[in-house]
Amino acid sequence: MRYLPQTILKKIAFFLGALLLIPQLGTPPGLRAETRARQLRKEAAGVREEMKKKAEKVRSFTQEERDTLSSLNAVDLSLNHARKQVRISQTELRRLEKEIAENRSAAEALSRQIAETETYAVDRLVRLYKLEHLGQIHLLASARSLNDLFQRRKALERILMYDEQVLAKLEREKGTLRGVRVTLAGQKKEKETIDAEHRKQVRLLRHQKEQRRKLLANIRRKKSLARAALGALKNSAAQLSRTIRALESEPSEVKKGGFAAFKGLLNMPVKGKIRLFFGPHRNKEFGVMNFQSGINIEARRGDPVRSVAGGRIIYSSWFKGYGNMIIVDHGDHYYTLYAHTEELFRHKGDTVKTGEVLATVGDTGSMTGPGLHFEIRHHGTPIDPLKWLKKG
1 MRYLPQTILK KIAFFLGALL LIPQLGTPPG LRAETRARQL RKEAAGVREE
51 MKKKAEKVRS FTQEERDTLS SLNAVDLSLN HARKQVRISQ TELRRLEKEI
101 AENRSAAEAL SRQIAETETY AVDRLVRLYK LEHLGQIHLL ASARSLNDLF
151 QRRKALERIL MYDEQVLAKL EREKGTLRGV RVTLAGQKKE KETIDAEHRK
201 QVRLLRHQKE QRRKLLANIR RKKSLARAAL GALKNSAAQL SRTIRALESE
251 PSEVKKGGFA AFKGLLNMPV KGKIRLFFGP HRNKEFGVMN FQSGINIEAR
301 RGDPVRSVAG GRIIYSSWFK GYGNMIIVDH GDHYYTLYAH TEELFRHKGD
351 TVKTGEVLAT VGDTGSMTGP GLHFEIRHHG TPIDPLKWLK KG
């Protein structure tokens, strides 16, 4: 792509040879010499113009490579953000739906309780009306003795006090029901707002997925872009090594003397088939050599990614070319790396145990679909994970 075609080089050679031969041909007739000179100048101008166009095409290709790879990283970041927002809105919707169901149930229970209290209150009001109509004096006057009179009076006072309490309780219950209904109305409105935002985020997520699909299709279709993508992956790997060396320089808080004993005994970080192994690989299509610093495990999106051993998380964030990535420090300068994940559950500084879920499988930063990129490093140098994982 960046070299001049043979046809152009032949034209340049022909032009220069013709210029050198002109003095040796003697002095041709004036008109003939002038015509020939004009023709040569015209051909030379054509060659220069073609060279200029080819140079511009090379520059445009180079710019297209940069723009495409930059766009891919930007879309990956945007897609990752959209997925996070969708998860957040889904969590909020689930919370609200649960609270709405609880408040609706509470409102129904209060309504039943109020109905029962009102039935009792109506019955008591009827009895009080009759009592007022007959008069308390008539009730007391019918007492058989003075003691019976006092007992009747006390009983009447207790009944009236209880009735007042029932009526007060009825008012409180009605107030509580009004409050629950106001809360319900607010929650329903909030749910509508979050639901609308959720639908918006889902549409954005679909748009970002489609953009990414088109970019990847363009990269796979154009060899120049595919070569540039391979080069970008090499740059990302180099940057990752520098980052790990920088992290390694920080004091480790993990106890020494444990990880090396697990060689050949570690469980797979995720269930799946290994589709790319550790070591040097030649891309047959482009003839480019590349070094695979870990293994790529094909797995389903959303499957749990587990820590192969206990340790402390020293990195949990986005990394260009690797997507969402977690690095665990196991002590004695041993580190494990989990990349292309979708949702990160653990954060920098967290202590994790063997088998603890760190993240879920995704395709962030990946050009080959859902899966996990897994590495083991010692003193920052990648080592073959298959020598550390259990056989089979």
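Taking full-length UniProt numbering, the leading residue of the sequence shown gets 1, the next gets one more, and so forth. Positions of the beta carbon are idealized from the N, C-alpha and C atoms, including for glycine.
- Rounded to whole angstroms, the separation of the alpha carbons of Leu170 and Leu344 is 51 Å.
- Within the same chain, Ile114 come within 7 Å of Lys174 by CB-CB distance, once the 5 residues on both sides are set aside.
- Check the Cα spacing between Ile274 and each of His81, Ile88, Ala101, Gly371: the tightest is with Gly371.
- Each residue's CA atom was taken as its position, placing Val122 and Glu116 some 10 Å apart.
- In the three-state reduction of the DSSP assignment, His281 falls in the strand class, which pools E and B.
- Runs of the alpha helix (DSSP H) lying entirely within the region 344-379, each at least 4 residues long, are absent.
- For Val75, the three-state secondary structure derived from DSSP is helix.
- Distance from the CA of Glu342 to the CA of Gly362, rounded to the nearest whole angstrom, comes to 4 Å.
- Residue Leu337 holds the alpha-carbon nearest to the alpha-carbon of Ile295 among Gly355, Gly302, Gly323, Leu337.
- Take Gln187, set aside five residues on each side of it, and the residues of its chain with a beta-carbon closer than 8 Å to its own are Leu96, Glu99, Ile100, Asn103, in chain order.
- Here the C-alpha atom of Asp195 lies approximately 8 Å from the C-alpha atom of Ser89.
- Annotation for Tyr315: the continuous beta strand (DSSP E) segment containing it runs 311-319.
- Residue state for Ala339 is assigned as strand, using DSSP reduced to three classes.
- The closest CA to that of Lys320, considering only Gly349, His330, Thr364, is found on Thr364.
- Contact check for Gly323 and Ser366: beta-carbon distance about 6 Å, within the 8 Å limit, so the pair qualifies.
- In this chain, Val270 is not harboured by any beta strand (DSSP E), its DSSP state being neither H nor E.
- Considering only Leu77, Lys353, Met268, Lys191, the residue with the shortest C-alpha distance to His373 is Met268.
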